[in-house]
DNA sequence: CGCGTTCTTGACTAGAATCAATGCATGTGG
DNA sequence: CCACATGCATTGATTCTAGTCAAGAACGCG
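Chains as they are written, first to last, in our numbering: chain A, 999 to 1241; chain B, 999 to 1241.
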């Protein structure tokens, strides 16, 4: 519907860097890309829903995507935020089951789209593609495992600190008063990312704001002292000289 | 060193069913298997250690393997138990980083072994292999994600119930007085699998034992009423008629 | 300007961790 | 075969983190 944010040129660059396509012979890469179609999602729209049949395979070119999962009891958790260059829905499409989670565009998004079977054929034809997919999955698996360990062994405050630090890496934008997390980010989001409640998050953030570590507005967050957050995330003693 | 528990014949059967090798042309399968070597680990020995360089790739033929991870603070968590037919160390070997966890033989084990680079070549030659690896990873990823969600949203008792139910599926052996979990399983193991402490586990198990749901000995566990555990795991009301 | 969100804060509670003491098995060596 | 050491398991008392509930403030939007 709308024109994509970036030019085709720029998008190709993003794709070529994307770990799914790296190391692919240039000719093969263009062949693979020619089989893709292109879709735009406006902010707030859903790319797919939990329990949908997974027969599509996406690569995010522009925008950001929030992956959530909702339990039978109605608890929602946020599993991942995707930024450009990452594959979306790959796991479900590989495994040929239903999407275990919902993908929502939190900003306007451009995505490359493949049909599941088509991608399977491509992988048989270009083994590198399958190997890359597996590697990408391996990396994501490790990230998830780390977060699992954190959840199992760490306090809420540390988990929130870690999550914010991760977000600065993913979507941080340097401003004069600190690093802005450049996407809408509510207390609820943070709570659902760290496995806690909005109340606990609010208390923690309030305290940090008093200590000058962060500045917040509604659904927005600036990290003034990344180092201070690291101190909390790593459970180092605060800046007192005495130990 | 020692003769394997099963005959080569039996092992081939296991391997052929293993999701890593299924759908492979029989000729290709034998070709792939011929490149593997074979190793035996005695109970209690370590297959690899956290932080080792990951250049080996295993498939478990017999025995069981416990995967643990230890945090800088010294908290240990159990990430997975492997039973025959599963790939061990695959993720790290794919991603070409260090093993993020330790693999320990909890019983005598037989494994097939490949060198990392060799497996990479094999995958380029037999794309099906790479696709299967990716699919296998996708399945494990989903399992991990489920457990992550449980950890984030559920109480300890439910998590312990779920874990025991999973173990009955993985290593359950039908006995006359219930389903025996056929591997050494201490309170500590359960605590590290569910993200809690041995004290909480002990209290919960004691209560269940009083209610006749389970029977325990040292490092051993029999589930007398799987249904009762399901009731707890799903948070259904107990067997009272009134709601 | 009124409405719906989002966010904050306080009071209270409960689930689970921690600490400490003790009881049991199991295996060891005199 | 018994005394002992060791590791595993239980239980009670206590503490504390974080969840729950409730009320209201601040913000943004139509």
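Every residue, glycine too, gets a C-beta built ideally from N, C-alpha and C.
Residues bridged to residue i (per DSSP)
i                       : result
residue 1096 of chain A : A:1051
residue 1210 of chain A : DSSP output for residue 1210 of chain A lists no bridge partner at all.
residue 1108 of chain B : B:1038 and B:1060
residue 1102 of chain B : B:1044 and B:1064
residue 1215 of chain B : B:1218
residue 1086 of chain B : B:1056
residue 1179 of chain A : A:1170
residue 1113 of chain B : B:1054
Member of the options whose CA lies at the smallest distance from the CA of residue i
i                       : options                           : result
residue 1244 of chain A : A:1232, A:1013, A:1061 and A:1022 : Here chain A has residues from 999 to 1241 only, and residue 1244 of chain A is not among them.
residue 1165 of chain B : B:1112, B:1221, B:1201 and B:1118 : B:1221
residue 942 of chain A  : A:1215, A:1199 and A:1060         : No statement about residue 942 of chain A is possible, as the shown extent of chain A runs from 999 to 1241 and does not include it.
residue 1186 of chain B : B:1073, B:1229 and B:1049         : B:1073
residue 1217 of chain B : B:1015, B:1234, B:1196 and B:1056 : B:1196
residue 1037 of chain A : A:1108, A:1172, A:1151 and A:1170 : A:1108
residue 1112 of chain B : B:1054, B:1058 and B:1093         : B:1054
residue 1016 of chain A : A:1110, A:1120 and A:1091         : A:1110
residue 1032 of chain B : B:1208, B:1010 and B:1041         : B:1010
residue 1189 of chain A : A:1168, A:1182, A:1219 and A:1157 : A:1157
residue 1219 of chain A : A:1234, A:1181 and A:1089         : A:1181
residue 1105 of chain B : B:1115, B:1082 and B:1117         : B:1082
residue 1191 of chain A : A:1057, A:1163 and A:1210         : A:1163
residue 1057 of chain A : A:1035, A:1040 and A:1041         : A:1035
residue 1141 of chain B : A:1117, A:1172 and A:1089         : A:1089
residue 1084 of chain A : A:1061, A:1041 and A:1093         : A:1061
residue 1151 of chain B : B:1116, B:1193 and B:1204         : B:1193
residue 986 of chain A  : B:1012, B:1135 and B:1234         : Lying before the first or after the last residue shown, residue 986 of chain A is absent from chain A, which here runs from 999 to 1241.
residue 1012 of chain B : B:1167, B:1116, B:1214 and B:1059 : B:1059
Residue i - containing beta strand (DSSP E), residue span
i                       : result
residue 1019 of chain B : Note, residue 1019 of chain B: premise wrong, no beta strand (DSSP E); not H, not E.
residue 1078 of chain B : 1074-1080
Same chain only: Cβ atoms within 7 Å of residue i, ignoring 5 sequence neighbours per side
i                       : result
residue 1051 of chain B : 1096
residue 1159 of chain B : 1227, 1230 and 1231
residue 1143 of chain A : none
residue 1077 of chain A : 1065, 1066, 1067 and 1099
residue 1001 of chain B : Only weak support exists for where residue 1001 of chain B lies, its pLDDT of 43 falling under 50; the value from the coordinates is given anyway. Nothing meets the Cβ criterion.
Span of the alpha helix (DSSP H), counted from its first residue to its last, around residue i
i                       : result
residue 1174 of chain A : Unbroken run through residue 1174 of chain A: none, as it is neither H nor E.
residue 1134 of chain B : 1125-1151
residue 1225 of chain A : 1224-1231
residue 1242 of chain A : Examination of residue 1242 of chain A is not possible in this model, given that chain A is present from 999 through 1241 alone.
Residues near residue i by beta carbon distance below 6 Å, same chain, minus five either side
i                       : result
residue 1206 of chain B : 1212
residue 1223 of chain A : 1211
residue 1091 of chain B : 1052, 1055 and 1114
residue 1040 of chain A : 1106
residue 1075 of chain B : 1067 and 1190
Neighbourhood of residue i by C-beta, 8 Å cutoff - its chain only, sequence neighbours within 5 removed
i                       : result
residue 1020 of chain A : 1014 and 1130
residue 1183 of chain B : 1165, 1217, 1218 and 1219
residue 1063 of chain B : 1045, 1079, 1080, 1086, 1101, 1102, 1103, 1104 and 1107
residue 1030 of chain A : 1019, 1022, 1120, 1124 and 1127
residue 1202 of chain B : 1154, 1155 and 1158
residue 1043 of chain B : 1102 and 1103
residue 1028 of chain B : none
residue 1169 of chain B : 1062, 1079, 1081, 1179, 1180 and 1181
heavy atom of the ligand FAD below 7 Å from residue i C-beta
i                       : result
residue 1176 of chain B : Among the components modelled here there is no ligand, and therefore nothing to report on the ligand FAD.
Please confirm if the segment 1173-1189 of chain A is in contact with the segment 1139-1149 of chain A, defined as three or more CB-CB distances below 8 Å between the two stretches. no
Contact between the segment 1121-1129 of chain B and the segment 1119-1138 of chain A is defined here as three or more beta-carbon pairs at a separation below 8 Å; is this criterion met? yes
Taking one C-beta from the segment 1049-1069 of chain A and one from the segment 1020-1029 of chain A each time, how about it: are there three or more such pairs within less than 8 Å? no
Between the segment 1047-1064 of chain B and the segment 1095-1113 of chain B, are three or more C-beta pairs nearer than 8 Å? yes
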